[in-house]
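Trainee: Can you read through this structure? Questions will come right after.
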Amino acid sequence: MSSISFDRATGYYDATRGYPPGVAERVGEAIVAAAGATAATRFLELGIGTGRIAFPLIVRGYPYAGIDISEPMMAQLRAKLAAYAVAHPDQPPPQADLRVGDSTQLPYPDASFDVVLSVHVLHLIPNWRAALDEALRVLTPEGVYLNGNDDAVTLGSHQTVQRTWFAILKRLGYDTGALSMAGYATWNEIDQYLQARGLATDVIRPVTWPTSETPRQALEFITQRLWSRTWVIPDDIFTASAQQLTAEVTARYGDQIDTPEARERQFVLLRARKGA
Ligand SMILES: C[S@@+](CC[C@H](N)C(=O)[O-])C[C@H]1O[C@@H](n2cnc3c(N)ncnc32)[C@H](O)[C@@H]1O
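Structure below.
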């Protein structure tokens, strides 16, 4: 098993995963507060992607490094930073140390960062324990590791559609153990591993925001293979599952399929302090 690169998601990642206006800035402030960061705090983000999390922190001037196995994802961040520099000629151009590389083999010296951050990444890395070992190696003795996630507070058609798809895959004989990526990290496993390594952990839910989605959008998140879980399935099985899912979801929601559902989402952080 190898890590899952987001090369193929580059063109639609921000459109499908981006935060509503103002939320990225609130998430950035929450990260600063959770880390107790000062202007001199050195950040490293694993799986930095298009900079959805990093961008507000980089433009605020924090010393920021990011690593990703996908160069095309980071090219999006470089373009955003270049556009910011053009739009703000009165400010120093934003700087970031962006490198193509694998989080399980970090190209940085021991104890070179005050904060290591990962958001929606560890579940994509089979050898996630090696990534955590590396994160702890490059953290200072007083450093903070933050693992973030966007979660649904209120459930709706998104979860219903996903569960329906899982059931269809099982009926088609597909081993959904592979789909849920057995061996890849869960939140609890990450927490337990960090505690076993001697870190004190806690969970913070600092930011919530309203959102909306129609059942059709939830359906298309799967049928258009926008979700990384859909990428690991052989094409023939995926195509059959998508056809059946479309039929079941269309029948279930009927004329409500394009009606937006109001929902709430939250940004959750698992914080692990090395020196506590
Ligand atoms: C779901 S995206 C999250 C990007 C960003 N953290 C965010 O929250 O928007 C996951 C990113 O992790 C990268 N990735 C996956 N495995 C990796 C690894 N072993 N080392 C570094 N990056 C990795 C993918 O290429 C992708 O850009």
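Here the sequence shown is numbered in the working numbering, starting from 1 and rising by one per residue. Glycine included, every Cβ here is placed at the ideal spot set by N, Cα and C.
Using 8 Å for Cβ pairs, my map puts L44 next to I58. What's the rounded Cβ distance?
Mentor: Taking the sequence shown and counting its residues from 1, one reaches residue 44 at position 44. Taking the sequence shown and counting its residues from 1, one reaches residue 58 at position 58. Going by Cβ atoms, the distance from L44 to I58 rounds to 12 Å, so no, they are not a contact pair.
Trainee: Please classify W209: does DSSP put it in a helix, a strand, or coil?
Mentor: Locating residue 209 in the sequence shown gives position 209, counting from the first residue. Strand at W209.
Trainee: Looking only at its own chain, which residues have a Cβ that is under 6 Å from the Cβ of M181, when we skip the five neighbours before and after it?
Mentor: Position 181 of the sequence shown holds residue 181. Because the pLDDT at M181 is just 49, under 50, the model does not fix this residue reliably, and the point stays unresolved.
Trainee: When you compare the CB positions of D150 and Q76, do they come within less than 8 Å of one another, or not?
Mentor: The residue labelled residue 150 in the question sits at position 150 within the sequence shown. The residue labelled residue 76 in the question sits at position 76 within the sequence shown. In this structure, Q76 does not lie closer than 8 Å to D150 by Cβ.
Trainee: Using three-state DSSP, classify D110 as helix, strand or coil.
Mentor: Indexing the sequence shown from 1 puts residue 110 at position 110. Correct three-state label for D110: coil.
Trainee: With a threshold of 8 Å on Cβ separation, who are the neighbours of E213 within its own chain once the five nearest residues in sequence on each side are excluded?
Mentor: As a position in the sequence shown, residue 213 is number 213, starting the count at 1. Cβ within range, chain order: G156, S157, H158, P260, E261 and R263.
Trainee: Measuring CB atoms only, is the stretch 94 to 104 touching the stretch 234 to 241, in the sense that at least three cross pairs come out at less than 8 Å?
Mentor: No: the two stretches stay apart, fewer than three of their Cβ pairs being nearer than 8 Å.
Trainee: At the level of alpha carbons, what is the spacing between G275 and D175?
Mentor: By one-based count along the sequence shown, residue 275 stands at place 275. By one-based count along the sequence shown, residue 175 stands at place 175. Computed Cα separation, rounded: 42 Å.
Trainee: For I190 and N127, which I take to be in contact (beta-carbon distance under 8 Å), what is that distance rounded to the nearest angstrom?
Mentor: For the purposes of this step, residue 190 is taken as the residue at position 190 of the sequence shown. For the purposes of this step, residue 127 is taken as the residue at position 127 of the sequence shown. So it is not a contact: roughly 13 Å between Cβ atoms.
Trainee: From the DSSP output, in three-state form, read off N127 for me.
Mentor: For this step, residue 127 is matched to residue 127 along the sequence shown. DSSP, reduced to helix, strand and coil, places N127 outside both helices and strands of the structure shown, so it counts as coil.
Trainee: Span of the beta strand (DSSP E) holding D97?
Mentor: Position 97 of the sequence shown, counted from the start, is the residue given in the question as residue 97. Start and end: D97 to V100.
Trainee: Determine, using beta carbons only, whether G36 and M73 come nearer to each other than 8 Å.
Mentor: As a position in the sequence shown, residue 36 is number 36, starting the count at 1. As a position in the sequence shown, residue 73 is number 73, starting the count at 1. Not in contact: G36 and M73 (Cβ atoms no closer than 8 Å).
Trainee: If you draw a straight line from the alpha carbon of A200 to that of D114, how long is it in whole angstroms?
Mentor: Taking the first residue of the sequence shown as position 1, residue 200 is located at position 200. Taking the first residue of the sequence shown as position 1, residue 114 is located at position 114. So the two alpha carbons sit approximately 16 Å from each other.
Trainee: Just how far apart, CA to CA, sit D110 and L132?
Mentor: Counting from one through the sequence shown, the residue named residue 110 turns up at place 110. Counting from one through the sequence shown, the residue named residue 132 turns up at place 132. Those two C-alpha atoms are separated by around 13 Å.
Trainee: Check whether the Cβ of V23 lies closer than 7 Å to any heavy atom of ligand 1, and answer yes or no.
Mentor: To locate residue 23, count along the sequence shown from 1; it is residue 23. Flag unset: Cβ of V23 not near ligand 1.
Trainee: With three or more C-beta pairs closer than 8 Å as the rule, is the stretch 205 to 225 touching the stretch 242 to 258?
Mentor: yes
Trainee: Using DSSP bridges, identify the partner residues of V268.
Mentor: Working through the sequence shown from its first residue, we reach residue 268 at position 268. BP columns for V268 point to N149.
Trainee: Within 7 Å: the Cβ of F6 and any heavy atom of ligand 1?
Mentor: For this step, residue 6 is matched to residue 6 along the sequence shown. Yes.
Trainee: Would you report the Cα separation of V119 and R271, rounded to the nearest angstrom?
Mentor: Taking the sequence shown and counting its residues from 1, one reaches residue 119 at position 119. Taking the sequence shown and counting its residues from 1, one reaches residue 271 at position 271. Approximately 12 Å, taken between the alpha carbons.
Trainee: Compare the beta carbon distance of A54 and Y64 with 8 Å and say whether it is the shorter of the two.
Mentor: Along the sequence shown, read from residue 1 onward, the residue named residue 54 stands at position 54. Along the sequence shown, read from residue 1 onward, the residue named residue 64 stands at position 64. Yes.
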